[in-house]
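Contents: one structure, followed by commentary.
Protein chains: 2
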Amino acid sequence: MLPTDGSMVRPISRGLTLRALIIWFILLQFIRLSSGAKTRHFKWEVEYMYWSPDCIEHVVMGINGQFPGPTIRAKAGDTVVVELTNKLPTEGVVIHWHGIRQLGTPWADGTAFISQCAINSGETFHYRFKVDRAGTYFYHGHLGMQRSAGLYGSLLVDVAEGEKEPFHYDGEFNLLLSDWWHKSVHEQEVGLSSNPFRWIGEPQSLLINGRGQYNCSLAAQYSDTNSSQCKLRGNEQCAPQILHVRSNKTYRLRVASSTALASLNLAIGNHKMVVVEADGNYLQPFKVNDLDIYSGESYSVLITTNQDPSKNYWLSIGVRGRLPATPPGLTILNYQPTSASKFPTSPPPVTPPWNDYHHSKMFSKSIFALMGSPKPPTSYDRRISLLNTQNKIDGFTKWAINNVSLALPPTPYLGSIKYGLRNAFDQKSPPENFPDNYDVMRPPINPNSTTGSGVYMFGLNTTVDVILQNANALSDNVSEIHPWHLHGHDFWVLGYGEGKFSAKDEKKLNFKNPPLRNTAVIFPYGWTALRFVADNPGVWAFHCHIEPHLHMGMGVVFAEGVHHVKKIPNEALTCGLTAKLLYKNRGR
Amino acid sequence: MLPTDGSMVRPISRGLTLRALIIWFILLQFIRLSSGAKTRHFKWEVEYMYWSPDCIEHVVMGINGQFPGPTIRAKAGDTVVVELTNKLPTEGVVIHWHGIRQLGTPWADGTAFISQCAINSGETFHYRFKVDRAGTYFYHGHLGMQRSAGLYGSLLVDVAEGEKEPFHYDGEFNLLLSDWWHKSVHEQEVGLSSNPFRWIGEPQSLLINGRGQYNCSLAAQYSDTNSSQCKLRGNEQCAPQILHVRSNKTYRLRVASSTALASLNLAIGNHKMVVVEADGNYLQPFKVNDLDIYSGESYSVLITTNQDPSKNYWLSIGVRGRLPATPPGLTILNYQPTSASKFPTSPPPVTPPWNDYHHSKMFSKSIFALMGSPKPPTSYDRRISLLNTQNKIDGFTKWAINNVSLALPPTPYLGSIKYGLRNAFDQKSPPENFPDNYDVMRPPINPNSTTGSGVYMFGLNTTVDVILQNANALSDNVSEIHPWHLHGHDFWVLGYGEGKFSAKDEKKLNFKNPPLRNTAVIFPYGWTALRFVADNPGVWAFHCHIEPHLHMGMGVVFAEGVHHVKKIPNEALTCGLTAKLLYKNRGR
Numbered sequence: 001m002l003p004t005d006g007s008m009v010r011p012i013s014r015g016l017t018l019r020a021l022i023i024w025f026i027l028l029q030f031i032r033l034s035s036g037a038k039t040r041h042f043k044w045e046v047e048y049m050y051w052s053p054d055c056i057e058h059v060v061m062g063i064n065g066q067f068p069g070p071t072i073r074a075k076a077g078d079t080v081v082v083e084l085t086n087k088l089p090t091e092g093v094v095i096h097w098h099g100i101r102q103l104g105t106p107w108a109d110g111t112a113f114i115s116q117c118a119i120n121s122g123e124t125f126h127y128r129f130k131v132d133r134a135g136t137y138f139y140h141g142h143l144g145m146q147r148s149a150g151l152y153g154s155l156l157v158d159v160a161e162g163e164k165e166p167f168h169y170d171g172e173f174n175l176l177l178s179d180w181w182h183k184s185v186h187e188q189e190v191g192l193s194s195n196p197f198r199w200i201g202e203p204q205s206l207l208i209n210g211r212g213q214y215n216c217s218l219a220a221q222y223s224d225t226n227s228s229q230c231k232l233r234g235n236e237q238c239a240p241q242i243l244h245v246r247s248n249k250t251y252r253l254r255v256a257s258s259t260a261l262a263s264l265n266l267a268i269g270n271h272k273m274v275v276v277e278a279d280g281n282y283l284q285p286f287k288v289n290d291l292d293i294y295s296g297e298s299y300s301v302l303i304t305t306n307q308d309p310s311k312n313y314w315l316s317i318g319v320r321g322r323l324p325a326t327p328p329g330l331t332i333l334n335y336q337p338t339s340a341s342k343f344p345t346s347p348p349p350v351t352p353p354w355n356d357y358h359h360s361k362m363f364s365k366s367i368f369a370l371m372g373s374p375k376p377p378t379s380y381d382r383r384i385s386l387l388n389t390q391n392k393i394d395g396f397t398k399w400a401i402n403n404v405s406l407a408l409p410p411t412p413y414l415g416s417i418k419y420g421l422r423n424a425f426d427q428k429s430p431p432e433n434f435p436d437n438y439d440v441m442r443p444p445i446n447p448n449s450t451t452g453s454g455v456y457m458f459g460l461n462t463t464v465d466v467i468l469q470n471a472n473a474l475s476d477n478v479s480e481i482h483p484w485h486l487h488g489h490d491f492w493v494l495g496y497g498e499g500k501f502s503a504k505d506e507k508k509l510n511f512k513n514p515p516l517r518n519t520a521v522i523f524p525y526g527w528t529a530l531r532f533v534a535d536n537p538g539v540w541a542f543h544c545h546i547e548p549h550l551h552m553g554m555g556v557v558f559a560e561g562v563h564h565v566k567k568i569p570n571e572a573l574t575c576g577l578t579a580k581l582l583y584k585n586r587g588r
Numbered sequence: 001m002l003p004t005d006g007s008m009v010r011p012i013s014r015g016l017t018l019r020a021l022i023i024w025f026i027l028l029q030f031i032r033l034s035s036g037a038k039t040r041h042f043k044w045e046v047e048y049m050y051w052s053p054d055c056i057e058h059v060v061m062g063i064n065g066q067f068p069g070p071t072i073r074a075k076a077g078d079t080v081v082v083e084l085t086n087k088l089p090t091e092g093v094v095i096h097w098h099g100i101r102q103l104g105t106p107w108a109d110g111t112a113f114i115s116q117c118a119i120n121s122g123e124t125f126h127y128r129f130k131v132d133r134a135g136t137y138f139y140h141g142h143l144g145m146q147r148s149a150g151l152y153g154s155l156l157v158d159v160a161e162g163e164k165e166p167f168h169y170d171g172e173f174n175l176l177l178s179d180w181w182h183k184s185v186h187e188q189e190v191g192l193s194s195n196p197f198r199w200i201g202e203p204q205s206l207l208i209n210g211r212g213q214y215n216c217s218l219a220a221q222y223s224d225t226n227s228s229q230c231k232l233r234g235n236e237q238c239a240p241q242i243l244h245v246r247s248n249k250t251y252r253l254r255v256a257s258s259t260a261l262a263s264l265n266l267a268i269g270n271h272k273m274v275v276v277e278a279d280g281n282y283l284q285p286f287k288v289n290d291l292d293i294y295s296g297e298s299y300s301v302l303i304t305t306n307q308d309p310s311k312n313y314w315l316s317i318g319v320r321g322r323l324p325a326t327p328p329g330l331t332i333l334n335y336q337p338t339s340a341s342k343f344p345t346s347p348p349p350v351t352p353p354w355n356d357y358h359h360s361k362m363f364s365k366s367i368f369a370l371m372g373s374p375k376p377p378t379s380y381d382r383r384i385s386l387l388n389t390q391n392k393i394d395g396f397t398k399w400a401i402n403n404v405s406l407a408l409p410p411t412p413y414l415g416s417i418k419y420g421l422r423n424a425f426d427q428k429s430p431p432e433n434f435p436d437n438y439d440v441m442r443p444p445i446n447p448n449s450t451t452g453s454g455v456y457m458f459g460l461n462t463t464v465d466v467i468l469q470n471a472n473a474l475s476d477n478v479s480e481i482h483p484w485h486l487h488g489h490d491f492w493v494l495g496y497g498e499g500k501f502s503a504k505d506e507k508k509l510n511f512k513n514p515p516l517r518n519t520a521v522i523f524p525y526g527w528t529a530l531r532f533v534a535d536n537p538g539v540w541a542f543h544c545h546i547e548p549h550l551h552m553g554m555g556v557v558f559a560e561g562v563h564h565v566k567k568i569p570n571e572a573l574t575c576g577l578t579a580k581l582l583y584k585n586r587g588r
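So the protein lines, in turn, are chains U and V. Mapped onto full-length UniProt numbering, the consecutive letters of the first sequence carry residue numbers 1 to 588. Mapped onto full-length UniProt numbering, the consecutive letters of the second sequence carry residue numbers 1 to 588.
Take a look at the structure:
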């Protein structure tokens with residue numbers, strides 16, 4: 001019989017604890033061995049280099065001499081360790097692992113001023129995190145607009161040893177999509193922060209795996225424009241990566257969008273696609289002719305190579321949601337043994353009209369979670385409404401959420417909240433909603449718009465609803481698409497609607513099989529309803545994934561259970577007020 | 001009678017000490033009041049902004065919305081406090097106070113990776129230092145090539161209240177000279193660090209107080225080139241600042257060169273100049289028609305307005321030492337009340353031929369200290385010879401000193417030496433000289449060239465001789481000018497000579513009245529002999545002041561008496577291994 005008196009338990013339980021620990025470690029090793037989970041080490045150096053992503057030479061931010069950066073490939077349950085050294089002469093750097101929830105490792109989320117101090121020039125930071133779930137992810141810079149400078153790459157997680165995906169395929173391709181400007185990111189940043197405001201304009205090129213063609217077209221012979229036919233040998237940095245397939249097979253295309261601005265549509269001539277995964281979550285499979293993909297999203301689609309095998313077919317990406325001023329990005333689906341240099345007999349698929357929002361909405365509304373996926377809690381503990389407006393603040397053009405434009409503080413929140421540094425950021429919680437009578441159809445009136453650094457604090461494990469509310473921008477009759485991305489969690493996308501969200505919209509929400517995502521779009525003048533459980537102690541960015549929009553303040557900061565966060569590595573804290581705090585007892 | 005037994009002295013001396021301290025403080029206040037010494041506070045924000053230094057719009061690094069940065073004006077003995085906030089979105093920043101010796105404040109020298117950690121984006125650093133001596137100085141960025149990006153301004157120190165300069169003048173003008181590129185500094189840096197190497201080329205424009213004209217000439221009507229006449233209203237950012245003078249007066253022109261590359265020559269039509277100050281040290285006055293000035297140098301010259309007062313006169317700067325591909329920088333000396341818009345009757349003074357090194361050497365050799373100036377010690381404790389070569393290291397083009405190309409470590413030396421962090425940099429002292437049989441007339445053979453971060457450590461208060469030895473660069477028959485700048489000290493320039501320095505040159509050295517400087521040039525294939533006293537505890541850069549040359553490793557690091565350095569402010573240490581050291585006792 002065990003003693004029930006606490007004071008007597010101690011010595012015994014100490015003995016028990018030690019034995020239990022030993023057994024636990026043995027078990028852990030056993031589990032690790034049996035599951036095949038590995039620690040995968042990467043040693044990366046970030047540096048600027050000359051590169052020709054779209055056949056025009058430019059300075060890009062590369063990793064280990066590569067652009068895009070090296071692909072990380074791991075299995076669910078693996079631990080990824082990236083030893084990242086900053087070889088930029090004057091800039092800091094961080095890398096965000098987009099879609100990885102960083103359960104228990106909030107300091108590895110790679111968001112400058114939020115989860116960590118930027119890595120100083122010449123220094124090394126150790127990202128160590130578990131990739132707990134199979135899926136198609138990517139990584140990218142998260143300081144200033146360094147993602148736009150080319151700091152991104154793919155992160156692909158396979159199912160754990162012995163596990164199976166809920167769909168079959170014979171082979172796979174990875175397509176990391178991005179957009180590219182010829183104006184340097186530094187100059188883009190200055191323009192956005194200037195008064196008068198200078199917009200970055202539309203991208204010069206769309207890139208597939210970092211490859212596009214600016215001064216020529218792969219498909220010039222089909223077009224009636226005056227673009228010239230590309231003359232590429234195939235070994236150029238801008239030459240397209242051909243997708244070599246065999247007939248009558250099923251291929252998985254992993255597609256992720258790291259664009260700075262462009263919303264994209266992807267289509268393959270003559271081939272339908274079955275959408276099976278989004279942001280690392282399985283979907284109820286559905287068939288489409290073309291795929292809308294917004295910045296921050298990822299999908300897996302299956303294609304069956306059931307077309308005439310003596311031909312090749314275009315894969316094309318084009319711009320949605322903004323009057324396109326950028327030619328499509330192209331590559332070729334090559335049915336082997338047909339020569340890859342044989343041109344498709346038809347022109348590339350035509351992207352739906354940029355402003356055919358009905359098409360986009362139909363696509364978004366076709367996405368449901370695979371049966372058996374986790375369902376959302378049936379009720380929420382707290383609901384916040386986030387009004388997205390464009391505002392003038394002291395003459396500068398900004399994006400604001402409930403009239404507050406996010407200005408990140410020099411001290412990262414994770415450390416400042418954990419250590420109670422009240423001077424580190426605005427202590428007043430930002431507004432939870434906006435005036436009932438706000439007219440989302442008209443340009444905002446700006447008197448109370450401010451910049452701020454306040455945080456939405458959530459009780460740990462509470463269920464939070466977020467109603468993202470779109471509105472009119474500064475110009476009349478303009479409302480833009482914004483893909484909102486949440487760090488540290490997935491959310492259920494409960495629904496999309498038109499105009500201002502109201503009580504009557506409640507019943508339209510889908511609680512049965514809403515998809516889990518980390519990124520969801522708001523359509524012009526519309527709303528999007530999200531639900532998530534604040535179950536991951538840490539501080540998490542939630543923001544428009546359009547790089548210049550975030551630079552202009554279009555984001556908020558969420559925090560939950562920060563006192564439960566374990567010891568933050570020193571290397572994440574050596575800046576701002578956390579540095580001062582840790583130094584304060586220092587003698588001479 | 002005072003007790004002589006130490007143990008008995010203590011209680012009494014404590015009493016004495018307190019009283020002495022009080023008296024001392026009262027005295028100090030009195031001295032301060034009587035001398036009028038002040039603490040001058042500045043609050044600066046560094047940020048990128050659009051500017052048109054040469055009538056072409058570009059991104060420049062400005063301070064408080066100004067380019068060049070605000071002029072600091074103080075009196076000898078004053079304390080300058082600059083609260084510097086970094087408003088750059090991704091870059092660190094520091095500012096070096098060029099010519100200020102930082103006696104007792106080595107952490108305020110503003111050299112990234114040497115005296116301090118770069119100031120992180122969003123953070124503030126407090127520069128606090130005494131300007132102990134009157135003179136013409138300037139300040140500039142000292143991280144990466146941020147000086148080239150426009151981060152510079154003037155620092156002018158007048159004699160203390162009640163003191164007099166050893167020359168008379170009725171008015172003064174300040175001329176901060178620089179050169180300007182249209183290619184961004186970020187791209188320049190990448191090119192220099194690339195393999196194949198890409199040189200930055202010659203500057204597009206020369207600037208006087210940040211103003212030049214790229215697409216036109218102020219003096220087009222005098223030239224037979226096809227440059228068009230500038231059409232400026234006068235309020236443009238690129239419009240020249242006119243020097244308004246009255247007849248029959250004496251004016252002091254303070255001239256400092258912050259060029260990234262260009263060696264300059266300054267001349268004023270019809271006016272001779274009397275050189276009276278160099279780098280904050282008074283000179284034996286001497287008269288010249290034109291003034292050679294290298295990057296990192298400053299001069300004061302006196303002009304007498306004794307010419308036809310109904311006319312105006314050109315002030316012109318042109319490139320020396322490199323085949324010029326840059327038009328001269330121009331402004332006008334306007335005799336009031338003559339209209340400033342009246343063109344001079346003669347063309348601008350012609351810069352001596354770029355390769356007329358005889359002219360340059362004659363100028364340099366005319367510079368002597370004003371009688372009564374401090375004389376060098378008659379002997380040295382240690383002499384090091386520094387061979388300047390261009391080398392290939394792993395395929396990269398570098399500059400090396402005694403075969404070592406400087407690669408700054410992530411942890412600033414000042415902290416790492418003071419705290420004995422032996423892993424912070426190469427512990428082996430770099431070579432003190434080079435092989436006797438080295439042929440300075442031929443391109444270097446590269447087998448042993450390396451990059452390194454070693455330090456020359458000097459005994460405190462020892463006298464050090466440095467023989468700077470020029471040599472052939474990588475190409476045949478090329479040897480360039482290098483202006484070497486020493487931080488934390490002035491040195492006596494003992495002499496210049498041709499070819500390789502040898503014992504027979506010893507007797508040519510000037511120990512009688514050598515000028516004190518902080519910058520001295522080595523001429524092609526020549527040597528320059530310097531002497532200084534290592535009397536300033538700290539770690540000090542000594543380097544070629546040509547920005548791309550330093551970026552390519554053309555510098556060394558000196559240190560002396562670092563254990564005498566008082567408490568380094570925390571804000572200078574929050575990076576690299578010093579950050580780790582200070583954090584090491586941190587709990588959870």
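Ideal Cβ placement from N, Cα and C applies to all residues, glycine included. Because the structure is a prediction, the values reported are computed rather than measured.
Residue-chain proximity (residue i, chain U), Cβ-Cβ < 8 Å
i, result
"T90 (chain V)", "yes"
"T111 (chain V)", "no"
"Y50 (chain V)", "yes"
Below-8 Å beta-carbon distance, residue i vs any chain V residue
i, result
"K418 (chain U)", "no"
"A108 (chain U)", "no"
Contacts of residue i in chain U (Cβ-Cβ under 9 Å)
i, result
"C216 (chain V)", "In chain order: nothing, as chain U lies at least about 24 Å away."
"C230 (chain V)", "Result: empty, since nearest Cβ-Cβ is about 26 Å, beyond 9 Å."
Under 8 Å by beta carbon: chain V residues contacting residue i
i, result
"E187 (chain U)", "V59, S184"
Beta-ladder partner(s) of residue i, from DSSP
i, result
"H140 (chain V)", "V:H96, V:Y152"
"V350 (chain V)", "DSSP output for V350 (chain V) lists no bridge partner at all."
7 Å Cβ cut-off: residues of chain V touching residue i
i, result
"Q66 (chain U)", "What Q66 (chain U) touches in chain V: nothing, since even the nearest Cβ is about 15 Å away."
> Is the region 348 to 362 of chain V touching the region 226 to 239 of chain V in the sense that three or more CB pairs, one from each, lie closer than 8 Å?
Replying inline: At 8 Å Cβ cutoff, the stretches do not touch.
> Residue ranges of each alpha helix (DSSP H) run of no fewer than 4 residues wholly in the region 244 to 302 of chain V, ordered along the chain?
Replying inline: Correct list: empty.
> Per the contact definition of three or more C-beta pairs closer than 8 Å, is the region 529 to 543 of chain U in contact with the region 460 to 472 of chain U?
Replying inline: Verdict: yes, contact present.
> Can you list the beta strand (DSSP E) stretches of 3 or more residues lying completely in the region 24 to 90 of chain U, in chain order?
Replying inline: For the region 24 to 90 of chain U, whole beta strand (DSSP E) runs of length 3 or above, ordered along the chain, are 39 to 51, 58 to 63, 72 to 75, 78 to 86.
> Which runs of the alpha helix (DSSP H) fall wholly inside the UniProt domain "Plastocyanin-like" (446 to 561) of chain U and span at least 4 residues, in chain order?
Replying inline: Qualifying alpha helix (DSSP H) stretches, in chain order: 547 to 551.
> Taking only runs of the beta strand (DSSP E) that begin and end inside the region 323 to 383 of chain U, which ones reach a length of at least 3 residues, in chain order?
Replying inline: DSSP assignment within the region 323 to 383 of chain U yields the following whole beta strand (DSSP E) runs of 3 residues or more, N-terminal first: 329 to 335.
> Is the region 288 to 298 of chain V touching the region 255 to 263 of chain V, taking contact as three or more C-beta pairs under 8 Å?
Replying inline: They touch, by the three-pair rule.
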